[in-house]
Ligand code: GP9
Ligand code: MN
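In full-length UniProt numbering, the protein residues as written are 227 to 653.
Listed below in structure tokens is the structure:
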């Protein structure tokens, strides 16, 4: 019922971070690229194998003169993996504890998603991905989110040699996507979801230009090879954007959606990180993914704030100078100066600048030291835990109860799904 929304609104009233005046509207009117780096973890940044950088292009981007990069940014996905990341990034709502919210609720629910918000601010909106449109129920969910265009695998050239692992190779994907992008009226919001760096990290011989790691774990060792390939594809795409003059009037947001190496591979992870063994603190750290925003009005830096995927939407909207008109967002602008910096994992564990609470243990985040909290620490940790539990359960309530259908706003028009059709026209 409509009144269920009250507790959500009340919570958000007390948990929203102010925009930072230094950044609000700094990139107003720019095109927006969201580059979804499949299974890309933070540890890959500046990582070397045999003395060679795995991802030289992303490293350059990460450290760029006009890139704000975050080094305490965590993925927050559960079983919905990519789809959970998409849900958080574009709605600032958490995925569900089980299954995929896009699959179960994407077709029916009302949303206040990034594409719809930006559409209503004059943006053209498009999602691009080299997999079939039914995967994660994107073909329906994207309509509910207000995407004007969805260029799925039907829009990309097909040839057996163009595909590896899950689908279209990233280099071909970016090349073909560029053709569609050039036809989009500006300003546009374009999301490109990559694919090649996906478990089990298969790459054809001709594209293997990087040595595998040598942990002896077969599902881990080729990870750096597909990551290297993704990096090359990203580099080519950025060069192209620069060459055709699109880069200077765009912001480029690049992020890793979730881990590529799961917690089942502790011995291999230990070897990769050059550690004797791995505990649950290390595994929590290992859930960091890169989050980077390029914009030529931004002064590059590494920002150490603690945050995660839930925080992306308010961050981007504020950079674009868009007041969100009180759409429901559980995240906090990463550039705000009054953030709470409590990063919730979907299972209720969490990380703050002080404490990492995971698997029933408490660690000091800065040192990794395991502690038995004293009464004062206990109080703080309990308060943080309550915050995490509340935000997760309220976000779930929004999705499970389809509460956004009751949330009418002056500045936001509800999306009419029937207006969208992503089928390529015949011929
Ligand atoms: C499939 C791709 C992979 O289209 O996005 O999803 P994942 O397995 O990473 O959730
Ligand atoms: Mn994924």
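Virtual Cβ for every residue (Gly too), placed ideally from N, Cα, C.
{"Asked": "Same chain, Cβ closer than 6 Å to residue 550, five either side skipped, listed in chain order", "Found": "543"}
{"Asked": "Heavy atom of the ligand ZN within 6 Å of residue 230 beta-carbon", "Found": "With respect to the ligand ZN, the structure offers nothing, as its ligand set consists of the ligand GP9 and the ligand MN."}
{"Asked": "The stretch 530 to 540 touching the stretch 286 to 294, judged by at least three CB pairs closer than 8 Å", "Found": "no"}
{"Asked": "Same chain only: Cβ atoms within 7 Å of residue 402, ignoring 5 sequence neighbours per side", "Found": "382, 383"}
{"Asked": "C-beta contact flag for residue 456 and residue 356 at 7 Å", "Found": "no"}
{"Asked": "Residue 308 Cβ short of 6 Å to the ligand GP9 heavy atom set", "Found": "yes"}
{"Asked": "Length of the line joining the Cα atoms of residue 626 and residue 328", "Found": "12 Å"}
{"Asked": "Sub-7 Å separation of residue 557 and residue 318 beta-carbons", "Found": "yes"}
{"Asked": "Through-space distance from residue 395 to residue 386, alpha-carbon basis", "Found": "11 Å"}
{"Asked": "Residues of its chain near residue 280, where Cβ-Cβ distance is below 8 Å and the 5 sequence neighbours each way are ignored", "Found": "270, 273, 274, 436, 450, 453, 454, 457"}
{"Asked": "Per-residue DSSP class, three states only, for residue 653", "Found": "Note that residue 653 has pLDDT 48, beneath the 50 cutoff, so the model's placement of it is unreliable and the number below is only indicative. It is coil, neither helix nor strand."}
{"Asked": "Simplified DSSP state of residue 376, which is helix, strand or coil", "Found": "strand"}
{"Asked": "Assumed close pair residue 515, residue 300 - CB separation to whole angstroms, cut-off 8 Å", "Found": "7 Å"}
{"Asked": "Member of 461, 303, 252, 241 whose CA lies at the smallest distance from the CA of residue 283", "Found": "461"}
{"Asked": "For residue 554 and residue 499, believed in contact at Cβ under 8 Å, the rounded distance", "Found": "At roughly 38 Å, the Cβ-Cβ gap does not stay under 8 Å, so residue 499 and residue 554 are not in contact."}
{"Asked": "First through last residue of the alpha helix (DSSP H) which encompasses residue 527", "Found": "Looking at the DSSP string, residue 527 is not in any alpha helix (DSSP H); the run it does join, the beta strand (DSSP E), is 527 to 529."}
{"Asked": "Euclidean distance between Cα positions of residue 439 and residue 517", "Found": "24 Å"}
{"Asked": "Span separating the alpha-carbon of residue 253 from that of residue 259", "Found": "13 Å"}
{"Asked": "Near the ligand GP9: residue 399 beta-carbon under 6 Å from a heavy atom", "Found": "no"}
{"Asked": "Reference residue 472, options 491, 412, 503, 510, closest by Cα", "Found": "412"}
{"Asked": "Neighbourhood of residue 353 by C-beta distance below 6 Å, restricted to the same chain and skipping five residues each side", "Found": "368, 373, 376, 417"}
{"Asked": "Cβ-Cβ distance between residue 489 and residue 509 below 7 Å", "Found": "yes"}
{"Asked": "Per DSSP, the bridge partner or partners of residue 278", "Found": "275"}
{"Asked": "Identity of the residues DSSP links to residue 262 by a beta bridge", "Found": "419, 481"}
{"Asked": "Outcome for residue 308 when other beta-carbon atoms lying within 10 angstroms are tallied against a minimum of 16", "Found": "buried"}
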